[in-house]
Every structure is written in structure tokens, then in C-alpha cells.
Amino acid sequence: ETLGASKPVGSVVPRTFEFALPIEPYPYDPVKAKKLLAEAGYPNGFDGGELHQAPPYFSMGETIMGYLNAVGIKTRMRSQERAAFISARIAKKLKGLCVCGHATYGNAASRMAEIVPSDATYAYGGFPDVDLLYKQQALEADKKKREALLIQIQQILHDRVRFGPIWEYVWPSGIGPRVAEPALMLINPYPWSAPLEEVKLKK
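In C-alpha cells:
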């Protein structure tokens, strides 16, 4: 869908962000996945319920459903129009799996702000100890100590598999012959032309 431009990731925080903990992506290993399911008491898999794919990227959701189905996790796509999807997500009405994007820029703290704390806009549940650490980092004036807290939070989220990171989304863009500077990825990893005042045409 993105012609290989979107690279797999192991964290919801892009590795180019300040205070990011670089985590390798989970390898694609359906044999190990089936073994882990069996060890967890689901040798025949289970019903994962509805899969809510952020519109309009439904082909991505279908691919994910295929990967899940291959190891025995059955899901059903529930497609919605974008406004309805966003409203339901904010109201925390999406049950099952949500293939959601998140594009807050800044550093690790700002990227996690709307999805990690239990009371965050897009959070579905959370961990009391992580909530406490997140509040501590927001009040910490010492940069090194704050970084250590944010690294600790990211490691906990990874160890407890709070999220299933897939990729850093990069949108394929076509550039016409009259464009001298498309301003793509000047704000890394923002995949569109920005800032627009940097876009230049050939004279």
C-alpha cells in the first residue's frame, strides 16, 4: 500500500523523536505466534471480535485480519465513515481491535500524551504505575531524569504489550517536473509536504 516506504517499528514513539527508546519491531513468526497462543490456553485460536480500521485504509485492515487469521485469531472488519470512526474512538465505543493512527509531533512525552495515560483522549484503559510515571516526567525539570522516566515508560509499555506497533506511516507522493523543492519529510517522519512555505517551483 505504501510501496515499502513505511518501515516496521517496535514502538508507538518514532525513533527519531527526542527521548525515544529504540525498540526493534516484532518479527513476523506465525509458528511462534501459534505456539504462544497454545501456551496461553488457546491451541485453536480465539474470536478476537471486531476490527476497527481507521478509514480510509481498509486494505490495511484486511491484511492485518489475514495475518491474525493465519494463527487462529478470527476478527470481523467493522468499517465506518471517518467522522463516525473518530467520534466512536474518542467516546471509547470501539470494542475489539482498533488499527488506529496517531500523529502528534514533538518528543516521546507528547507522542504518548493522548494514548498512554488512563485518562487520555484515546486511551482504552491503562496502568496506574505508568500513570504515576507519566505525571512525574511532566513535572521533572532535570532533562536526564525526565528522559530516564520516559524510557522507563516506553519499556514497560513494550514489556506488557500495551500496543501492537506496525509501522511508521509514510505516504507515497508524486512530484511533478515543475517542482524544485517538494518539502517532503522536512519534518521527519511527517509524510506530507510541510511546511508549505518551503515548497518551491522551478523558475
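For the sequence shown, the working numbering gives the first residue as 1, with consecutive numbering after it. Ideal placement from N, C-alpha and C gives every residue a C-beta, glycine not left out.
DSSP beta-bridge partners of residue i
i, result
"Thr75", "Gly49"
"Lys200", "Glu181"
"Pro8", "Trp167"
"Glu18", "Asn107"
Pairwise C-alpha distance: residue j and residue i
i, j, result
"Ala20", "Leu36", "28 Å"
"Pro165", "Glu114", "16 Å"
"Gly126", "Tyr67", "26 Å"
"Leu184", "Glu168", "15 Å"
"Asp119", "Gln80", "25 Å"
"Pro191", "Gln155", "27 Å"
"Glu140", "Arg146", "6 Å"
"Arg178", "Lys203", "8 Å"
Close beta carbons around residue i, own chain, < 8 Å, minus the five adjacent residues each side
i, result
"Ala33", "Val71"
"Gln152", "Leu133"
"Ile90", "Thr121, Tyr122"
"Thr16", "Asn188, Pro189"
"Asn44", "Gly72"
"His102", "Val12, Arg111, Glu114, Ile115, Tyr122"
is_contact[residue i, chain B] using C-beta, thresh 8 Å
i, result
"Lys32", "Among the chains of the structure shown, chain B does not appear; only one protein chain is present."
Contacting residues, own chain, Cβ-Cβ under 6 Å from residue i (five flanking each side not counted)
i, result
"Pro8", "Pro25, Trp167"
"His292", "Limits of the chain in this structure are 1 at one end and 203 at the other, which puts residue 292 out of reach."
"Gln136", "Leu149"
Own chain residues within Cβ distance below 7 Å of residue i, not counting five before or after
i, result
"Asp47", "Lys74"
"Ser193", "Pro182, Ala183, Leu184, Val199"
"Ser6", "Trp167, Glu168, Tyr169, Val170"
Buried versus exposed, by CB contacts within 10 Å (16 or more), residue i
i, result
"Ala109", "buried"
"Gly176", "exposed"
If you pair each beta-carbon of the segment 51-62 with each one of the segment 188-199, do three or more pairs fall below 8 Å?
no
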